[in-house]
Amino acid sequence: AQSVTQLGSHVSVSEGALVLLRCNYSSSVPPYLFWYVQYPNQGLQLLLKYTSAATLVKGINGFEAEFKKSETSFHLTKPSAHMSDAAEYFCAVSGSGGSYIPTFGRGTSLIVHP
Amino acid sequence: ETGVTQSPTHLIKTRGQQVTLRCSSQSGHNTVSWYQQALGQGPQFIFQYYREEENGRGNFPPRFSGLQFPNYSSELNVNALELDDSALYLCASSQDRGSYEQYFGPGTRLTVT
Numbered sequence: 003a004q005s006v007t008q009l010g011s012h013v014s015v016s017e018g019a020l021v022l023l024r025c026n027y028s029s030s031v032p033p034y035l036f037w038y039v040q041y042p043n044q045g046l047q048l049l050l051k052y053t054s055a056a057t058l059v060k061g062i063n064g065f066e067a068e069f070k071k072s073e074t075s076f077h078l079t080k081p082s083a084h085m086s087d088a089a090e091y092f093c094a095v096s097g098s099g100g101s102y103i104p105t106f107g108r109g110t111s112l113i114v115h116p
Numbered sequence: 044e045t046g047v048t049q050s051p052t053h054l055i056k057t058r059g060q061q062v063t064l065r066c067s068s069q070s071g072h073n074t075v076s077w078y079q080q081a082l083g084q085g086p087q088f089i090f091q092y093y094r095e096e097e098n099g100r101g102n103f104p105p106r107f108s109g110l111q112f113p114n115y116s117s118e119l120n121v122n123a124l125e126l127d128d129s130a131l132y133l134c135a136s137s138q139d140r141g142s143y144e145q146y147f148g149p150g151t152r153l154t155v156t
């Protein structure tokens, strides 16, 4: 079985501040981990993915995430928030039971204040 | 390269009715997955189609059914609509059933009244 917990349904930051969105996973096998972003009235766009290569993964729009097996975490960070980063962010895990179907977290809404 | 497209964008149906949602996969992709995203929730896997055959199903009742066509486009059909079926329905295509990378369409917003 696999699952994802995203801590905090809403995260509010000021423009230019550090963004940290938390994700903890549960998986019976080495996981594949993903972060997706969803803008209002749009589908999901892949930000970055971890597939057992480098533990620090860089994605689009300046985001990165670090896989920490000991903490079963895959937190998403960005050094400096832009207003355009305001969106819903989803963490997802796949790989358990040989399945490539991702299990998504409930999402974290990122709010960026000017 | 054409991305994943879905139609219609929005749909309003009455409880008990039936609905069909459509998805065109990205060029070169033979696998389509469907997800239901209720308000304030993450996407929930409904089922996946690979080369016109169902290739996995989530915890959804049989009134949720699907098809995949020879050109790899797909339909999601929902019978006997319930109020709780109101959600954003997302289609995602991938290059193969063994591919972990999925490309999502913009979704169809279904409202059941």
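Protein sequences, first through last, are from chains G and R. Under my numbering, think of the first position of the first sequence as 3, with each following residue one higher. Under my numbering, think of the first position of the second sequence as 44, with each following residue one higher. Glycine included, every Cβ here is placed at the ideal spot set by N, Cα and C.
Keeping to the same chain, check which residues put their C-beta closer than 7 Å to that of residue i; ignore five residues upstream and five downstream.
i              : result
glycine 10/G   : Arg24, Thr110
serine 111/R   : The sequence given here places glutamine at residue 111/R; serine does not occur at that position. Around glutamine 111/R: Val75, Tyr92, Glu95, Ser117.
glycine 71/R   : Gln138
threonine 57/G : Glu68, Phe69
Which residues in chain R sit within 9 Å of residue i, going by Cβ to Cβ distance?
i             : result
glycine 107/G : Gly85
serine 96/G   : Tyr143
Give me the chain G residues within the contact set of residue i, using Cβ-Cβ distance strictly less than 8 Å, ordered along the chain.
i               : result
serine 76/R     : Ile103
glutamate 144/R : Leu48, Lys51
glycine 99/R    : Ser101, Ile103
Give the interface partners of residue i over in chain R, defined as CB-CB distance under 8 Å, in chain order.
i           : result
serine 54/G : Here the premise fails: no neighbours, minimum Cβ distance about 11 Å.
Under the criterion of a Cβ to heavy atom distance below 6 Å, does residue i qualify as lining the ligand SAM?
i             : result
tyrosine 78/R : By its list of ligands, the structure shown contains no ligand whatsoever, and the ligand SAM lies outside what it can speak to.
Suppose the cutoff is 6 Å on Cβ atoms and the five residues either side in sequence are ignored; what does the same chain contact list for residue i look like?
i               : result
serine 171/R    : Because chain R is modelled from 44 through 156, residue 171/R falls outside the range shown and cannot be assessed.
alanine 94/G    : Phe36, Pro104, Phe106
asparagine 26/G : Thr7, Thr74, Ser75
threonine 2/G   : Outside the shown range of chain G (3 to 116) lies residue 2/G, about which nothing can therefore be said.
lysine 51/G     : Phe36
glutamine 4/G   : Ser29, Val95, Ser98, Thr105
Residues of chain R with a CB under 7 Å from the CB of residue i: which are they?
i                  : result
phenylalanine 92/G : Gly85
For residue i, which residues in the same chain have their Cβ closer than 8 Å to its Cβ, ignoring the five residues on either side in sequence?
i            : result
proline 86/R : Tyr78, Gln79, Gln80, Leu133
Going along chain G in order, which residues have a C-beta closer than 7 Å to the C-beta of residue i?
i                   : result
proline 149/R       : Gln44, Gly45
glutamine 91/R      : Ile103
glycine 71/R        : The contacting residues do not exist; glycine 71/R stays about 17 Å from chain G at best.
phenylalanine 107/R : Within 7 Å Cβ-Cβ: nothing; phenylalanine 107/R doesn't reach chain G, min ~15 Å.
phenylalanine 88/R  : Ile103
**Report entry** Contact the stretch 105 to 117 of chain R vs the stretch 84 to 100 of chain G: 3+ CB pairs below 8 Å
**Finding:** Taking 8 Å as the limit for Cβ pairs, the verdict is that the stretch 84 to 100 of chain G does not touch the stretch 105 to 117 of chain R.
Requested in this report: Say whether the stretch 134 to 141 of chain R touches the stretch 77 to 93 of chain R, bearing in mind that this needs 3 or more beta-carbon pairs closer than 8 Å, one atom from each stretch.
Outcome: Touching, yes.
Requested in this report: Examine the Cβ distances between the stretch 71 to 86 of chain G and the stretch 10 to 21 of chain G and report whether three or more of them are shorter than 8 Å.
Outcome: The stretch 71 to 86 of chain G, when compared against the stretch 10 to 21 of chain G, does touch it at the 8 Å Cβ threshold.
Report task. Assess, as a yes-or-no matter, whether the stretch 44 to 55 of chain R is touched by the stretch 26 to 41 of chain G under the definition of 3 or more beta carbon pairs within less than 8 Å. Result -> No: fewer than three Cβ pairs fall under 8 Å.
Report task. Output the residue ranges of the beta strand (DSSP E) runs that lie fully inside the stretch 47 to 78 of chain R and measure 3 residues or longer, sorted by chain position. Result -> Runs found: 48 to 50, 53 to 56, 62 to 67.
Query raised in the report: For the stretch 72 to 81 of chain G against the stretch 47 to 64 of chain G, are there 3 or more C-beta pairs whose distance is under 8 Å?
Result: Output reads yes: the stretch 47 to 64 of chain G touches the stretch 72 to 81 of chain G.
**Report entry** Segments assigned alpha helix (DSSP H), at least 4 residues, entirely inside the stretch 74 to 121 of chain R
**Finding:** Within the stretch 74 to 121 of chain R, no complete alpha helix (DSSP H) run reaches 4 residues.
Requested in this report: Scan the stretch 109 to 134 of chain R for residues whose Cβ lies nearer than 9 Å to a Cβ of chain G and list them as they occur along the chain.
Outcome: Within the stretch 109 to 134 of chain R, contact with chain G at the beta-carbon level (separation under 9 Å) is assigned to Leu131, Leu133, Cys134.
Query raised in the report: What residues in the stretch 31 to 46 of chain G have a beta carbon less than 7 Å from any beta carbon of chain R?
Result: Residues of the stretch 31 to 46 of chain G with a Cβ closer than 7 Å to any Cβ of chain R, in chain order: Tyr34, Gln44, Gly45, Leu46.
Query raised in the report: Three or more C-beta pairs closer than 8 Å, one from the stretch 120 to 134 of chain R and one from the stretch 149 to 156 of chain R: is that the case here?
Result: As far as the Cβ criterion goes, the stretch 120 to 134 of chain R touches the stretch 149 to 156 of chain R, which means the pair count is three or higher.
Report task. Could you tell me which uninterrupted alpha helix (DSSP H) segments, each at least 4 residues in length, are contained entirely in the stretch 28 to 58 of chain G, listed from first to last along the chain? Result -> Fully enclosed alpha helix (DSSP H) runs of 4 or longer: not present.
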